[in-house]
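All residue numbers for the sequence shown refer to the working numbering, where the first residue is 3 and numbers rise by one.
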Amino acid sequence: MARAYGVKLLGAISKPITAKKIKEAIQLHDGRAHDEAPAQVPELSSEEIRDGLKNGEFEPFFQPKIESRTQLAKGAEALARWRNPRHRIVRPQAFIEAMEQNGLIGELTEVIVKAAARNCKVWREAGLDLSVAINLSLKTLHDVTLADRLANLVSEQGLEPQHVIFEVTETAATADLGRTLENLSRLRMKGFGLSIDDYGTGHSSMQRLTSVPFTELKIDRSFVRHAATRSSSRAVLESSLEMAQKLGIVAVVEGVESRSEWDLVRSLGCPLAQGYFIARPMGADDFLSWARMPVAASYGPALSSAKRSA
Ligand code: C2E
Ligand code: CA
Ligand code: CA
């Protein structure tokens, strides 16, 4: 209700209210204030976006996805960034929607797929057994030539399809079923992995979801954030993990931001995790240096000590 009214809610505290509980809620607030980019989203026109694409200003950043048991990196998600001369590094919330509306999203997808595949090839040649995950917009899934085009882009970079995972949101997986299903099935038949993104936030029936040959389930970060305080979030988290296991697909918890969330993910036995607590999205060069470091050195002190105590 608070959210519907636009009130910023830090969390819920049960009685008795203590200074410690309040402090924890405030810390949560402080933590969020350190997000990569300012909350303000710059207003950018279609013209500027078009020019940016023409000038090659878009590129993927990479955020690691690690195995929670061993802390080893298993792959990275490619997240679009725009090196805009006026605004420095711009995040997707400032341009994806506009691109979906003005028909530029297909071009962005190509840029990201090409660069992501090229980088993944570099990692693998450096002896790092990593995959790369790429986000696909609902809009691009309506074009039945998509699967062939994506397969060509990836193979042009010399990368095998089994090292690429395409992420689509739950909503995308259930809209315009015919063409979407055709594209997703074709991608899977070509050997790409398929991931359900933001799981738990859309409106889908289990039956619909099982009609797509998914290989991975990404549980939305809202569930891990509230799991400690809301039994319903914890139930969704636990049952999603169980469902993934029964379906024989890999579960990933997204948005692990704190030590306590990381501990929870590990105690629940979630196979893979991704989030600021592990590492933030990084430019390609930074990511490669990060991935080359031994486990203990690549994480902040918090995670390294988690390893020691494990
Ligand atoms: P997403 O696919 O759910 O990606 C995860 C988002 O969460 C990323 O935001 C990432 O930076 C952020 N994130 C990662 N760890 C944490 C954490 O611990 N806490 C919090 N609060 N956030 C975390 P980003 O990069 O701004 O991307 C936003 C969305 O834009 C993505 O959400 C995805 O839906 C979309 N997107 C990104 N790149 C592309 C792309 O190349 N194509 C398309 N179609 N969509 C893209
Ligand atoms: Ca994603
Ligand atoms: Ca997500």
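From the three backbone atoms N, C-alpha and C, an ideal C-beta is built for every residue, glycine too.
Residues whose Cβ lies closer than 5 Å to any heavy atom of ligand 2, in chain order: 137, 169, 199
Bridge partner(s) assigned by DSSP for residue 218: 197, 252
Three CB pairs or more closer than 8 Å across the region 57-67 and the region 76-83: yes
On the criterion of 16 or more Cβ atoms from any shown chain inside 10 Å, does residue 87 qualify as buried, or is it exposed? exposed
Say yes only if the C-beta of residue 218 is nearer than 7 Å to one or more non-hydrogen atoms of ligand 3, and no if none qualify. no
Hey, would you say the C-beta of residue 222 is under 7 Å away from at least one heavy atom of ligand 5? Of the ligands one can find in the structure shown, namely ligand 1, ligand 2 and ligand 3, none is ligand 5.
Taking residue 48 as the reference, give the member of 115, 19, 282, 103 with the closest Cα. 103
Just to confirm before moving on: does the CB-CB distance between residue 230 and residue 242 stay below 8 Å? no
Work out the CA separation of residue 288 and residue 101 for me, nearest whole Å. 27 Å
From 194, 116, 181, 203, pick the residue whose C-alpha is nearest to that of residue 158; which is it? 116
Let's see if you can read the secondary structure: which residues bound the alpha helix (DSSP H) around residue 123? 107-127
Specify whether the region 48-58 and the region 267-279 touch according to this definition: at least 3 beta carbon pairs, one from each stretch, less than 8 Å apart. no
Residue 193 and residue 215 closer than 8 Å at C-beta: no
For a test of the three-state rule: what should DSSP assign to residue 48, helix, strand or coil? helix
Could you tell me if residue 265 is buried or exposed, where buried requires 16 or more neighbouring beta carbons within 10 angstroms of its beta carbon? exposed
First and last residue of the uninterrupted beta strand (DSSP E) at residue 78: 75-86
How close, in whole Å, do the beta carbons of residue 318 and residue 168 come, if the pair is a contact with beta carbons under 8 Å? For residue 318 there is no data in the structure shown, the boundaries of the chain being 3 and 312.
Tell whether a beta-carbon distance below 8 Å holds between residue 195 and residue 218. yes
With a Cβ-Cβ cutoff of 8 Å, do residue 220 and residue 132 count as a contact? no
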